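Engineer:
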Amino acid sequence: TGGAGFIGSNFIRYELDQYPDVRIVNFDKLTYAGNLENLKDIDETRYTFVQGDIADADAVRQALDGCDAVVNFAAETHVDRSIMAASDFIATNVTGVYNIVEAAHQLGLERVLHVSTDEVYGSIEEGSFKETDRPNPRNPYSASKASGELIGLSHFITFGTPVVITRGSNTYGPYQYPEKVLPLFVTNAIDDEPLPLYKGGEHNVRDWLYVEDHCSGIDCALRNGTPGEVYNVAGGNERENIVLTRKILSLLGKSEDLIKLVKDRPGHDRRYSIDPAKLGQLGWKSKMDWDEGIARTVGWYRDNEWWWRKIKSGEFLEYYNRQYGNR
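With positions in the sequence shown counted from 1, the corresponding number in my numbering is that position plus 9.
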């Protein structure tokens, strides 16, 4: 589900490349962040697209009928949008997850992989969160993702539905919708537009995970993970937001005068850090070097203006002006 989005579309590419016999049904609502152009060159003999909403229980059951497993990427994911209005987050990230695990149980699927986020843990000053640490979500987005996790795990405990959960750190790479910080800053810098960096949040720390590494981690948990378990997927590349910002500007040959400090996000978490050792025991580790990954990603957006220029109009501009216009 959600295969027309950022991580989902990259995962489809990964699976089709890695496994010659795999067949994929992509069930996606095509919200503002879903884009079939992410997959326009995919071999259609092993790939099928079905438009639908995971909040629609009947549509979910119909889409999953005949499948061996489901990987749930479908989600509302942007913290700032959840602060503006959380109702879509509840419908998709909570009710939608219930519909998926319920249908999977009824149809006897072999595996349900639910893709979640490190943000469910909340902030940590030192060290790294392990899967056994108690979630402490601090915004509507992360609260909705934590709720979806609990629904999935409770379905495993109650009915034996083979649910596995992954919690990924900040993911970056090609095809990421430009509301997110990295593609937003890259595309703004290309156009010599200001980079709206949260004042007070410029020294916040995030762990950066290249999207292909995230996909391989999800695949590892899908195929080798134990039902009822949670697995952290981390990049091991912790950087302050200001370091990322300066790196982007340097790669594009742009001045740091483009940095514009704006009013901070309410409840902005200081630092995210998760320990991926548990998934490492299954043979996984991230491979992409941070410098190479950022350079590769910046280069992709620089070389693929056709993809993001169409997106940075209409709905995106309305959101951008609401979010940053008065800051």
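Each residue gets a CB set at the ideal place from its N, CA and C atoms; glycine is no exception. Note that the structure is a prediction, hence the values are computed from the model and not measured.
(1) Terminal residues of the continuous beta strand (DSSP E) containing Phe-58?
(2) Does the beta-carbon distance from Leu-191 to Tyr-207 come in below 8 angstroms?
(3) Go to Ala-78, then tell me how far its beta strand (DSSP E) extends in each direction, as first and last residue.
(4) Hey, out of Tyr-150, Thr-57 and His-164, whose CA is closest to Asn-108's CA?
(5) Could you tell me the distance, in whole angstroms, from the CA atom of Tyr-56 to the CA atom of Gln-115?
(6) Identify every residue that forms a DSSP beta bridge with Ile-21.
(7) Taking just the CA atoms, how far does Pro-275 sit from Val-173?
(8) Which runs of the alpha helix (DSSP H) fall wholly inside the segment 123-207 and span at least 4 residues, in chain order?
(9) Just to confirm the assignment, what range does the beta strand (DSSP E) spanning Val-34 have?
(10) So for Asp-216, helix, strand or coil by DSSP?
(11) Return the Cβ separation of Ile-133 and Thr-175 in integer angstroms, given the expectation that the two are a contact with Cβ distance under 8 angstroms.
(12) In chain order, what are the residue ranges of uninterrupted beta strand (DSSP E) at least 3 long that sit wholly in the segment 81-116?
(13) Measure the C-alpha to C-alpha separation of Glu-111 and Glu-202 and round it to an integer number of angstroms.
(14) Would you report the Cα separation of Asn-330 and Leu-291, rounded to the nearest angstrom?
(15) Quick one: what's Glu-247 bridged to in DSSP?
Structural biologist: In short, the structure shows the following:
(1) 56-60
(2) no
(3) 78-81
(4) His-164
(5) 24 angstroms
(6) DSSP output for Ile-21 lists no bridge partner at all.
(7) 31 angstroms
(8) 149-168 and 190-199
(9) 33-37
(10) strand
(11) Not quite, the Cβ-Cβ distance comes to about 19 angstroms (not below 8 angstroms), so this is no contact.
(12) none
(13) 46 angstroms
(14) 45 angstroms
(15) Asp-216
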